[in-house]
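Peer 1: Take this structure, written in structure tokens, and hold onto it; I'll ask about it next.
Protein chains: 2
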Amino acid sequence: MLKAMERSTRQRKAIREVMTELNRPLSPTEVLEAARYKVPGLGIATVYRTLKGLVEEGSAVAVELPGEAPRYELAGKKHHHHFHCTRCGKVFELEGCPGDFSFMVPQGFKTEKHEIVLYGRCTDCCY
Amino acid sequence: MLKAMERSTRQRKAIREVMTELNRPLSPTEVLEAARYKVPGLGIATVYRTLKGLVEEGSAVAVELPGEAPRYELAGKKHHHHFHCTRCGKVFELEGCPGDFSFMVPQGFKTEKHEIVLYGRCTDCCY
DNA sequence: GACAATGTGATAATGAGTTATCAGTATAAG
DNA sequence: CTTATACTGATAACTCATTATCACATTGTC
Chain A
49 MLKAMERSTR
59 QRKAIREVMT
69 ELNRPLSPTE
79 VLEAARYKVP
89 GLGIATVYRT
99 LKGLVEEGSA
109 VAVELPGEAP
119 RYELAGKKHH
129 HHFHCTRCGK
139 VFELEGCPGD
149 FSFMVPQGFK
159 TEKHEIVLYG
169 RCTDCCY
Chain B
49 MLKAMERSTR
59 QRKAIREVMT
69 ELNRPLSPTE
79 VLEAARYKVP
89 GLGIATVYRT
99 LKGLVEEGSA
109 VAVELPGEAP
119 RYELAGKKHH
129 HHFHCTRCGK
139 VFELEGCPGD
149 FSFMVPQGFK
159 TEKHEIVLYG
169 RCTDCCY
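Protein sequences, first through last, are from chains A and B.
Going by our numbering, the first sequence wraps up at 175, each residue one higher than the last.
Going by our numbering, the second sequence wraps up at 175, each residue one higher than the last.
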């Protein structure tokens, strides 16, 4: 059991802000780079510690994509999926969901949840 | 560039057979365990080497699932997706696909491909 | 403002998965 | 059958993401 984060520090504020402002799943490195504009000396260990704390307290969730290290996004969003840009590598949140996949599942299988990942070019990478 | 596999060995035959017979994406460890029934002394290094060779020559493909090390399945199958049993951890191939996800993508994004992963209980784990 | 305790940054350590190394073995051409 | 060489198994080494460590800094309570 991890001890709750108790103090409000510049570093933690910056990390939360970055996650709110960019509003897409971010890797620890992406968080570091973005948050360093706000807190120049920020270290990667603090990013990992803070992300872990945010997940622990329920205000962030890990987003796992195939073949990728986990990214993190703020919790509390409604059901959604992700788009992974094959050029810049950024991951974006998508709205909407086809919903029912039971027709794909063989007899005797019981589906509990699903993940969809779309791949392609984001707006900035469609030139 | 990897040199092509040149010889037909007991180990390679066993690995190919296992992949054909089980007919689902297998982790290197799963391949090892299954193939050891055919070639008792089989080593994990040979499994990794052979899987790499099969991918290199185009007869197998890596299957990446969120948060998981790559599994491998034989190549040449038609478009399909996967089911990951949350109890036993096995991955199965599914038929069918909703097909069109363009309605989920924002203006200016271009979709190239998609992945769907269903999670739940396989037949053996639905008791 | 002082101080106890939590937080930070640099970096060493860790862990899981995978690859490299190398002495000995098996394959297949002749 | 002989022989060159590709292949194998054991295990050391490596990679990359993540976590632990520790001296120093910051927070917030009194």
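Ideal placement from N, C-alpha and C gives every residue a C-beta, glycine not left out.
Helix or strand or just coil, what does DSSP make of Tyr96/B?
Peer 2: Looking at Tyr96/B - three-state DSSP - the assignment turns out to be helix.
Peer 1: Could one say the Cβ of Thr134/B lies closer than 8 Å to chain A's Cβ atoms, at least one of them?
Peer 2: Yes, Thr134/B counts as interfacial toward chain A.
Peer 1: Who are the Cβ neighbours of Leu122/A in its own chain at under 6 Å, not counting the five residues just before and after it?
Peer 2: Same-chain partners within the cutoff: Met67, Ala108.
Peer 1: Could you give the DSSP three-state label for Gly101/B: helix, strand or coil?
Peer 2: Helix, per DSSP.
Peer 1: Is there a Cβ from chain B that is less than 8 Å from the Cβ of Thr112/A?
Peer 2: Note that residue 112/A corresponds to Glu in the displayed sequence, not to Thr. Yes - at least one Cβ of chain B is within 8 Å of the one on Glu112/A.
Peer 1: Could you please give the first and the last residue of the uninterrupted alpha helix (DSSP H) stretch that includes Ala83/A?
Peer 2: Unbroken alpha helix (DSSP H) run through Ala83/A: 76 to 83.
Peer 1: Of the choices Phe151/A, Leu166/A, Phe149/A, Val111/A, whose alpha-carbon is the least far from that of Pro154/B?
Peer 2: For the residues Phe151/A, Leu166/A, Phe149/A, Val111/A, the minimum Cα distance to Pro154/B belongs to Leu166/A.
Peer 1: Starting from the beta carbon of Tyr96/B, find every residue of chain A whose beta carbon is closer than 7 Å, and list them in chain order.
Peer 2: Under the 7 Å cutoff, chain A gives no residues; its nearest Cβ is about 17 Å from Tyr96/B.
Peer 1: Does any CB atom of chain B fall closer than 8 Å to the CB of Glu143/A?
Peer 2: Yes, Glu143/A lies at the interface with chain B (some Cβ there is under 8 Å from its Cβ).
Peer 1: Are Arg169/B and Phe157/A touching if we call contact CB-CB under 8 Å?
Peer 2: Yes, these two residues count as a Cβ contact at 8 Å.
Peer 1: Per the DSSP calculation, Arg169/A is bridged to which residue(s)?
Peer 2: Partner(s): Lys158/B.
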